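Participant: Pasting in a structure now, in structure tokens, and then I'll have a few things to ask.
2 protein chains.
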Amino acid sequence: MSNEIARRGILLVLSSPSGGGKSSIGRALRVTDPNLDLSISLTTRPPRESEVDGKDYHFVSDARFDEAVQGGELIEHAVVFGARYGTPRAPVEAALAAGRDLLFDIDWQGTRQLRAALPGDVVSVFILPPSLAELERRLRARHADDEATVWSRMDKAAAEIAHWDEYDYVVVNRDFDLAVASVRAILAAERLRRTRQTGLASFVSALLA
Amino acid sequence: MSNEIARRGILLVLSSPSGGGKSSIGRALRVTDPNLDLSISLTTRPPRESEVDGKDYHFVSDARFDEAVQGGELIEHAVVFGARYGTPRAPVEAALAAGRDLLFDIDWQGTRQLRAALPGDVVSVFILPPSLAELERRLRARHADDEATVWSRMDKAAAEIAHWDEYDYVVVNRDFDLAVASVRAILAAERLRRTRQTGLASFVSALLA
């Protein structure tokens, strides 16, 4: 709408242990929200069967990743499950300036670095599973993961969950639709924060003129 | 629900100039939200025709108001349009501890004092009119206000609006339903703030046990 107040974009971080629901929730949000794009990370891990280069990740070599780090092209980068992940800087800065929001599916390490780099722009949400039994059930329902992967991810889940208290918001994913609605409300509210609505001062000036 | 995480209540402040929509929005919120009560202020002004003592306000004498101030019964108090208004302390403390939310229809002076008294518990929203012409139209549509009152309120509106930048959130009330949905999202999001969900630490401990 032409009468909307100009605002700065939001970097919306969803973190959870594998199987916690961050990716499904993120997809559901983006389906209904034309102003929310996915931040596409660089990674050195090989693509899964369903993944598309440039859509899910930018799949790169170790050498290319090194180059991106050294050239200052990444806002944050971390090693997860032995593979390297990083967030390109240029799309983030473009989104913030244009008032577009970016969704980040990153872990606590990446969240820490992103917050350190752009503290006022990050809104972080931790998705908790209702129980570890439910988390295991969800991991097993994923055909892509073999038994060893399930156990490895269960081991890592506890370590990831231990960082829940570094996040702005916490959503317990008992019911998928409710969890999506919760994150949607968080995004809607954060868009209304005074400090984010950069066009308010001039709107009020015009109002009182 | 019995599996909800215990949390501290929220003191939700809606401020706007007269005719800005804070009271109508507050009513619409409370109709659909069983966890949101109205904070009932003490006031020394006489009741309007439609107002009920103990429901809209506690209508009291100047002497009783003095007594409440001196007895420390009020969290904040201010003079508006020559009448005194104050917020009783006991219901606020009970609501915060029980995880119930309280809605405050107070001006910027009251908001400042409430925030100073309970900084972590206040969520403040300023409702802006889309234009002063629209504000005047809304004030004239109120049969309770005579011409002199309309002009007096229009004079005060600019002074109230000047304090928009002391609020956490700002909502422009162009469309009533949209404004209600916006404040509803703010309340839903704030309920999910980590720092407000006091039961999370024990929930996570049980999860990982």
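Chains as they are written, first to last, in the working numbering: chain W, 239 to 447; chain S, 239 to 447.
We put the beta carbon where it would ideally sit given N, CA and C, even for glycine.
Here the structure is a predicted model, which means the values were calculated and not measured.
Run through chain W and tell me which residues come within less than 7 Å of ALA423 (chain S), C-beta to C-beta.
Facilitator: ALA423, ALA426 and ALA427, listed in chain order.
Participant: Give me the Cβ distance between GLU196 (chain W) and ILE263 (chain W), rounded to the nearest whole Å; I'm assuming they're in contact under 8 Å.
Facilitator: Look at the range of chain W in this structure, 239 to 447, and you will see that residue 196 (chain W) is not part of it.
Participant: In angstroms, rounded to a whole number, what distance separates the CA positions of VAL409 (chain S) and ASP304 (chain W)?
Facilitator: C-alpha separation (whole angstroms): 45 Å.
Participant: Within the continuous alpha helix (DSSP H) that includes GLN388 (chain S), where are the two ends?
Facilitator: Per the sequence shown, residue 388 (chain S) should be read as Val rather than Gln. Element bounds for VAL388 (chain S): 385-399.
Participant: Counting beta carbon pairs with one atom in the segment 403-419 of chain S and one in the segment 362-379 of chain S, are three or more of them shorter than 8 Å?
Facilitator: Output reads yes: the segment 403-419 of chain S touches the segment 362-379 of chain S.
Participant: Just how far apart, CA to CA, sit ASP339 (chain W) and TYR405 (chain S)?
Facilitator: So the two alpha carbons sit approximately 23 Å from each other.
Participant: State yes or no: is the beta carbon of SER240 (chain S) nearer than 7 Å to at least one beta carbon in chain W?
Facilitator: Caution is warranted here: a pLDDT of 45 is assigned to SER240 (chain S), below 50, making its placement in the model unreliable, and no coordinate value can be reported.
Participant: For TRP346 (chain S), which residues of its own chain have a beta-carbon under 7 Å away from its beta-carbon, when the five flanking residues on both sides are left out?
Facilitator: Closer than 7 Å at the Cβ level, and outside the excluded window around TRP346 (chain S), lie SER253, GLU398, HIS401 and GLU404.
Participant: Quick one: residues in its chain with C-beta nearer than 6 Å to the C-beta of PRO285 (chain W), no 5 flanking neighbours on either side, listed in chain order?
Facilitator: Correct list, in chain order: PHE297.
Participant: Per DSSP, what kind of secondary structure is ILE263 (chain S) in: helix, strand or coil?
Facilitator: Here ILE263 (chain S) sits in helix by DSSP.
Participant: Please name the residue, chosen from W:GLU242, W:ALA316, W:ALA321 and W:ARG327, that lies closest to GLY309 (chain W) on a Cα-to-Cα basis.
Facilitator: Ranking W:GLU242, W:ALA316, W:ALA321 and W:ARG327 by Cα distance to GLY309 (chain W) puts W:ARG327 first.
Participant: Do LEU377 (chain W) and VAL388 (chain W) come within 7 Å of each other at the CB atom, strictly closer than that value?
Facilitator: Yes, these two residues count as a Cβ contact at 7 Å.
Participant: What residues in the segment 382-403 of chain W bring their beta carbon closer than 8 Å to a beta carbon of chain S?
Facilitator: Against chain S - using a Cβ distance shorter than 8 Å - the residues of the segment 382-403 of chain W are ALA396, ILE399, ALA400, TRP402 and ASP403.
Participant: In the DSSP assignment, what are the bridge partners of VAL408 (chain S)?
Facilitator: Bridge partners of VAL408 (chain S): S:PHE364.
Participant: Using the beta-carbon of each residue, which ones in chain S are nearer than 7 Å to VAL408 (chain W)?
Facilitator: What VAL408 (chain W) touches in chain S: LEU430, ARG432, GLN435 and LEU438.
Participant: Just the C-alpha distance for ALA449 (chain S) and ALA386 (chain S), rounded to the nearest angstrom, thanks.
Facilitator: Because residue 449 (chain S) is not part of the residues shown, which for chain S are 239 to 447, the question remains open.
Participant: Of all Cβ atoms in chain W, is any one closer than 7 Å to the Cβ of SER420 (chain S)?
Facilitator: Yes, SER420 (chain S) counts as interfacial toward chain W.
Participant: Report the neighbours of LEU445 (chain S) on chain W: residues whose CB is nearer than 8 Å to its CB, in chain order.
Facilitator: Per Cβ cutoff of 8 Å: LEU366, PRO367, SER369, LEU370 and ILE399.
Participant: Can you have a look at LYS293 (chain W) and say buried or exposed, based on whether 16 or more other CB atoms are within 10 angstroms of its CB?
Facilitator: Exposed, because fewer than 16 other Cβ atoms sit within 10 Å of the Cβ of LYS293 (chain W).
Participant: So what does DSSP say about ASP291 (chain W), is it helix, strand or coil?
Facilitator: If DSSP states are grouped into helix, strand and coil, ASP291 (chain W) belongs with the strands.
Participant: Check the Cβ of VAL330 (chain S) against every Cβ in chain W and list those closer than 9 Å, keeping chain order.
Facilitator: Residues of chain W passing the Cβ test: none, with the nearest at roughly 23 Å.
Participant: Is the beta carbon of GLY348 (chain W) closer than 7 Å to that of ALA316 (chain W)?
Facilitator: A contact, by the Cβ cut-off of 7 Å.
Participant: Cβ of THR270 (chain S) within 7 Å of Cβ of ALA321 (chain S)?
Facilitator: No, these two residues do not count as a Cβ contact at 7 Å.
Participant: Work out the CA separation of ALA306 (chain S) and VAL421 (chain W) for me, nearest whole Å.
Facilitator: Going from the Cα of VAL421 (chain W) to the Cα of ALA306 (chain S) covers about 42 Å.
Participant: Beta-carbon within less than 7 Å of MET239 (chain W)'s beta-carbon, same chain only, minus the 5 sequence neighbours each way: which residues are those?
Facilitator: Annotation note: pLDDT 41 at MET239 (chain W) (below 50); position unreliable, coordinate value reported separately. Within the same chain, MET239 (chain W) has no close Cβ partners at all.
Participant: Give the straight-line distance between the Cα atoms of ARG353 (chain S) and GLU287 (chain W), rounded to the nearest whole angstrom.
Facilitator: Taking the straight line joining both Cα atoms gives about 53 Å.
Participant: Can you find a CB in chain W that lies within less than 7 Å of the CB of TYR405 (chain S)?
Facilitator: Chain W, which has a Cβ nearer than 7 Å to the Cβ of TYR405 (chain S), makes this yes.
Participant: Anything in chain W within Cβ reach of ILE243 (chain S), meaning under 7 Å, just list it in chain order.
Facilitator: Within 7 Å Cβ-Cβ: VAL410.
Participant: Please classify PRO357 (chain S): is it buried, with 16 or more other beta-carbons within 10 angstroms of its beta-carbon, or exposed?
Facilitator: Looking at its Cβ environment, which holds fewer than 16 other Cβ atoms inside 10 Å, PRO357 (chain S) is exposed.
Participant: So, under 8 Å CB-CB, SER277 (chain W) and TYR295 (chain W) are touching, yes? Tell me the CB distance rounded to an integer number of Å.
Facilitator: Actually they are not in contact, since the Cβ atoms of SER277 (chain W) and TYR295 (chain W) sit about 10 Å apart, beyond 8 Å.
Participant: Are ALA423 (chain S) and ALA417 (chain W) closer than 7 Å when you measure CB to CB?
Facilitator: No. Outside cutoff.
Participant: Taking 7 Å as the CB-CB limit, is VAL251 (chain W) close to chain S?
Facilitator: Taking Cβ atoms only, chain S never reaches closer than 7 Å to VAL251 (chain W), which makes this a no.
Participant: What residues from the segment 346-363 of chain W come within 7 Å of chain S, judged by C-beta to C-beta, listed N to C?
Facilitator: Taking 7 Å as the Cβ-Cβ cut-off against chain S, none of the residues of the segment 346-363 of chain W qualify.
Participant: From S:ALA419, S:GLY259 and S:ALA301, pick the residue whose C-alpha is nearest to that of ARG375 (chain S); which is it?
Facilitator: For ARG375 (chain S), the nearest C-alpha among the options comes from S:GLY259.
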